[in-house]
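> Dropping the structure in here first, questions after.
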Amino acid sequence: MLLGVNVDHVATVREARKTFEPDPVMAATLAILGGADGITIHLREDRRHAKDRDLRLLREVVHCELNLEMAATKEMIRIALDVKPDMVTLVPEKRQELTTEGGLDMVGQKKVLKETIKKLQDSGISVSLFINPNIMDVDISKEIGADMVEIHTGLYANAKGKKQGKELHRVIEAVKVANKLGLFANAGHGLNYFNVKSIAAIEGIRGLYIGHSIISRAILVGIERAVREMKGLIRGY
Ligand code: PXP
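Going by the working numbering, the first residue of the sequence shown is number 3, and it counts up by one from there.
Listed below in structure tokens is the structure:
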């Protein structure tokens, strides 16, 4: 199972002072030394953390999977076609949110997403859709031509007790259906060193995309060690 490390949170600290440090590009290279299989960056419309410069430099130094998270907008499509990350994960984006709060609106956005997927794939970029763990959303992902889905694990991560079991079941079912339809299934959001095990144990998941928890641990133990420890937990399954 692959581990993609999201380095936006390093950029968030940098932007707290609008300075040059810490540099998400340096963090990415160290995360790779720690065993990351890929690096993710979310270039937001308002550039509140990651900047265009980060994406460009990451493309230069990341020789494993570079995953650009972005909204399906004209500006972002232009940037993706220019920089050519290995994959794009299309996400919904709201200005006021603290982080990506839910999966894509697959019914309302179907047409835009389909056109965006085609444009990106035509230039050799694989496309993943960040979706809620609903069977219908997996079906639509297949219908509109995505290569992969990333199942939103936020509700699982935030739930407790029985409710968490229910949310886990929804993720498992969504992964199953995705695999059956021939889609690669990834998972991410809210995963940490305590709740990752049940998700890592799901058969048929291609990769996990994790940011906040790894970067939080990195502040205390260093990023190479934080990544290595997460890889160890994932590899256990
Ligand atoms: N996957 C997607 C699509 C995301 O938007 C995010 C948050 O940037 C993540 C994974 C990582 O989430 P977290 O920071 O909670 O690990």
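The beta-carbon is built from N, C-alpha and C at its ideal position, and this holds for glycine as well.
Can you pull the DSSP bridge partners for residue 43?
Within the sequence shown, the letter at position 41 stands for residue 43. DSSP, once it has assigned bridges, lists 70 as partnering residue 43.
> Could you give the residue range of the alpha helix (DSSP H) that holds residue 140?
Position 138 of the sequence shown holds residue 140. Unbroken alpha helix (DSSP H) run through residue 140: 137-145.
> What number of angstroms, rounded off, separates the C-alpha of residue 94 from the C-alpha of residue 233?
Locating residue 94 in the sequence shown gives position 92, where the first residue counts as 1. Locating residue 233 in the sequence shown gives position 231, where the first residue counts as 1. Near 28 Å, if we compare the C-alpha coordinates of residue 233 and residue 94.
> So, do the region 20-34 and the region 52-59 have three or more beta carbon pairs nearer to each other than 8 Å?
Contact holds: three or more Cβ-Cβ distances are below 8 Å.
> Spatial neighbours of residue 142 within its chain, please: C-beta separation below 8 Å, excluding the five flanking residues on both sides.
Position 140 of the sequence shown holds residue 142. So the list reads 108, 109, 112, once near-sequence residues are dropped.
> Helix, strand or coil: which one does DSSP assign to residue 105?
For the purposes of this step, residue 105 is identified with residue 103 of the sequence shown, where counting begins at 1. In this structure, residue 105 counts as coil in the three-state DSSP scheme.
> So what's residue 158 in DSSP terms, helix, strand or just coil?
In the sequence shown, residue 158 corresponds to position 156, counting from 1. In this structure, residue 158 counts as helix in the three-state DSSP scheme.
> Using 10 angstroms around the beta-carbon of residue 201, count the other beta-carbons present and answer buried if the total reaches 16, otherwise exposed.
Looking up residue 201 in the sequence shown gives position 199. Looking at its Cβ environment, which holds 16 or more other Cβ atoms inside 10 Å, residue 201 is buried.
> Please return the same chain residues whose Cβ sits closer than 6 Å to the Cβ of residue 191, not counting the five positions on each side in sequence.
Within the sequence shown, residue 191 is the residue found at index 189, counting from 1. Cβ neighbours of residue 191 beyond the five flanking positions: 154, 155, 156.
> For residue 215, is the classification buried or exposed, using 16 other Cβ atoms within 10 angstroms of its Cβ as the cut-off for buried?
Sequence index remark: in the sequence shown, residue 215 carries index 213 (1-based). The residue in question, residue 215, is buried, as its Cβ has 16 or more Cβ neighbours within 10 Å.
> Please report the straight-line C-alpha distance between residue 21 and residue 72, rounded to a whole angstrom.
Your numbering for residue 21 matches position 19 in the sequence shown. Your numbering for residue 72 matches position 70 in the sequence shown. So the two alpha carbons sit approximately 24 Å from each other.
> From residue 205 to residue 43, what does the alpha carbon distance come to, in whole angstroms?
For the purposes of this step, residue 205 is identified with residue 203 of the sequence shown, where counting begins at 1. For the purposes of this step, residue 43 is identified with residue 41 of the sequence shown, where counting begins at 1. Each residue's alpha carbon lies about 26 Å from the other.
> Let's see if you can read the secondary structure: which residues bound the beta strand (DSSP E) around residue 215?
By one-based count along the sequence shown, residue 215 stands at place 213. Here residue 215 belongs to no beta strand (DSSP E); instead the alpha helix (DSSP H) covers 214-223.
> Run through DSSP, which three-state label would residue 200 get?
Translated into positions along the sequence shown, residue 200 becomes position 198. Looking at residue 200 - three-state DSSP - the assignment turns out to be helix.
> For residue 189, which residues does DSSP report across the bridge?
Along the sequence shown, one-based indexing puts residue 189 at 187. According to DSSP, residue 189 bridges with 153, 210.
> Around the Cβ of residue 56, are there at least 16 other Cβ atoms within 10 angstroms (buried) or fewer (exposed)?
Numbered from 1 along the sequence shown, position 54 holds the residue referred to as residue 56. Flag for residue 56 reads buried.
> Anyone know if the C-beta pair for residue 212 and residue 9 falls short of 8 Å?
As a working mapping, residue 212 is identified with position 210 in the sequence shown. As a working mapping, residue 9 is identified with position 7 in the sequence shown. No, Cβ-Cβ distance for residue 212 and residue 9 is not below 8 Å.
> Less than 8 Å between the beta carbons of residue 159 and residue 130, yes or no?
To locate residue 159, count along the sequence shown from 1; it is residue 157. To locate residue 130, count along the sequence shown from 1; it is residue 128. Cβ atoms of residue 159 and residue 130: not closer than 8 Å.
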